[in-house]
Amino acid sequence: MDSDRGARTALIVGAGVAGLAAATALAREGWQVEIAEVGPPDATSGWGLCLTGPALRALDALGLADACLAEGCGMSTITHVDVHGEPADTVRLPRLIGARRPAMAGIARPVLHRILYAEAERRGVVVRHGLTAAAVDQDRGPVRVRLSDGTVREVALLVGADGIRSSTRGLLGLASARAFHGQMVWRALVPRPRWAAGIHQFAGKTGTAGLVPVSDGQAYVFLTENGVGLSSLPDAELAPRLRHLLEPFPGKVAELLPLISASHAVVRRPVLTDFLEGAWNRGGAVVIGDAAHAPAPQMASGAALAVEDGLVLARELGRHDSVGAGLQAFVRRRRRRCRTLVETSVTIVALERARRHHEAYPLVDSCHRLMAEPV
Ligand SMILES: Cc1cc2nc3c(=O)[nH]c(=O)nc-3n(C[C@H](O)[C@H](O)[C@H](O)COP(=O)(O)OP(=O)(O)OC[C@H]3O[C@@H](n4cnc5c(N)ncnc54)[C@H](O)[C@@H]3O)c2cc1C
Numbered sequence: 029m030d031s032d033r034g035a036r037t038a039l040i041v042g043a044g045v046a047g048l049a050a051a052t053a054l055a056r057e058g059w060q061v062e063i064a065e066v067g068p069p070d071a072t073s074g075w076g077l078c079l080t081g082p083a084l085r086a087l088d089a090l091g092l093a094d095a096c097l098a099e100g101c102g103m104s105t106i107t108h109v110d111v112h113g114e115p116a117d118t119v120r121l122p123r124l125i126g127a128r129r130p131a132m133a134g135i136a137r138p139v140l141h142r143i144l145y146a147e148a149e150r151r152g153v154v155v156r157h158g159l160t161a162a163a164v165d166q167d168r169g170p171v172r173v174r175l176s177d178g179t180v181r182e183v184a185l186l187v188g189a190d191g192i193r194s195s196t197r198g199l200l201g202l203a204s205a206r207a208f209h210g211q212m213v214w215r216a217l218v219p220r221p222r223w224a225a226g227i228h229q230f231a232g233k234t235g236t237a238g239l240v241p242v243s244d245g246q247a248y249v250f251l252t253e254n255g256v257g258l259s260s261l262p263d264a265e266l267a268p269r270l271r272h273l274l275e276p277f278p279g280k281v282a283e284l285l286p287l288i289s290a291s292h293a294v295v296r297r298p299v300l301t302d303f304l305e306g307a308w309n310r311g312g313a314v315v316i317g318d319a320a321h322a323p324a325p326q327m328a329s330g331a332a333l334a335v336e337d338g339l340v341l342a343r344e345l346g347r348h349d350s351v352g353a354g355l356q357a358f359v360r361r362r363r364r365r366c367r368t369l370v371e372t373s374v375t376i377v378a379l380e381r382a383r384r385h386h387e388a389y390p391l392v393d394s395c396h397r398l399m400a401e402p403v
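Its first residue numbered 29, the sequence shown is counted upward by one per residue in this note's numbering.
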């Protein structure tokens, strides 16, 4: 065993899904973990998230799936509604955490964040806000990190979990391939209609919209807007613009329009993807989550990959005698699965932009089947 394994100290940059999941997984293995998060506490945006089967499976391994199901909304079906507003097909999703528990969960982001955060703190993880990594040096032995408040940490492991715009990635000299795909995704929190027991996906003439319940009382509407530049809209225009984009959709979507009234409950985000073809790790440092592999939201699986990363990272570090060897093994185990998901999501985006939605549906299904395979 080498000296850095003995130290078992980790600094994680970013307290998002990947950072908090990794912190808990490492703390369970006996690591002493500190997180530097640039944002203030409770800064998570208010829209909802779909936790797919693999996400629930990974959360279950951390002991957190039941909390997510209790506070979110368990679901096991996707109802596809055709362009005439008629239910065309109901897909029953595989239940990866047992026949008695639902296949997926819708959950509000702040709720997921609170659950992950509470568990990390319960395991002794220290989260410091308003901080980032300013410089990294690992020429001699442990990783030496200077934080933005001027203090220095010497740790065995540095984890960059600071999202698709990761600055840790830059400090480590790792090459990003972030790309914008000419689409905006919309999410709006609305009161949950009584008929919304599972996910509903509505085929429109030029795109897809849908509804995902996130609790007994709330759901989110989603929509992808094609053929747009990297522009922003004034906040006050978000709700009227989303209503306008949803108007051509048939069937029950019309019932949702009056529920989208407050612009502060609406978010519009560019569809960005990234995948690091080169190294993800350098010495005792590694990037995980969106900082290493960010799929387009169409597969609703970025959070699944982020939680899985945390679990696999802790397991591989536990299996190897040095941090460097553990990180190599982690990257070997994760690269192919993450690349497949990112590449599939990019193909789906291209098909949507070409208005070939029907070719995208089987691709989504086969990629979800692949993701259901063991990590
Ligand atoms: C509109 C939209 C909808 C989506 N829907 C789904 C879905 O339904 N299901 C799903 O599984 N995935 C979905 N995703 C993807 C999912 O949100 C991401 O894959 C997931 O959040 C990645 O987690 P992360 O921790 O790597 O990054 P993030 O969640 O982005 O967290 C990064 C954290 O790092 C912090 N940070 C950033 N920079 C720094 C810095 N320099 N120093 C310190 N801290 C820093 C941030 O404040 C943040 O707390 C969606 C994405 C979008 C954009």
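The beta carbon of each residue, even a glycine, is placed where N, CA and C say it ideally should be. In this text, all values refer to a predicted model and were calculated from it rather than measured experimentally.
The straight-line gap separating the alpha-carbon atoms of Glu305 and Leu202 is approximately 10 Å. The DSSP-derived three-state label of Ala131 is coil. By the CB criterion at 9 Å, Lys233 and Gly113 fall outside the cutoff.
Annotation: the region 110-179 contains the following complete segments of the alpha helix (DSSP H) (minimum length 4 residues), in chain order: 137-150. Runs of alpha helix (DSSP H) with 4 or more residues, each lying fully within the region 234-313, are found at 266-274 and 281-284, listed in chain order. In the three-state reduction of the DSSP assignment, Glu57 falls in the coil class, being assigned neither a helical nor a strand state.
By the Cβ rule, the region 299-318 counts as touching the region 327-347, because three or more pairs are nearer than 8 Å.
The three-state reading of DSSP puts His209 in strand, counting E and B together. Spanning the alpha carbons of Ala293 and Gln211 requires a straight line of approximately 20 Å.
Taking C-beta atoms under 8 Å as the contact rule, Ala50 and Gly346 fail to qualify, at a distance of about 13 Å.
Sorting Ile63, Thr107, Leu274 and Arg381 by C-alpha distance to the C-alpha of Val45 places Ile63 at the top. Three or more pairs of CB atoms, one per stretch, sit closer than 8 Å, so the region 272-289 contacts the region 236-250. When distances are taken from the beta-carbon of Pro286 to the heavy atoms of ligand 1, even the shortest one reaches 8 Å or more.
Contact check for Arg129 against Leu97 passes: the beta carbons are separated by less than 9 Å. At a Cβ-Cβ threshold of 9 Å, Trp214 and Thr252 count as neighbours.
Secondary structure note for Ala357: its alpha helix (DSSP H) is the uninterrupted segment Val351 to Arg381.
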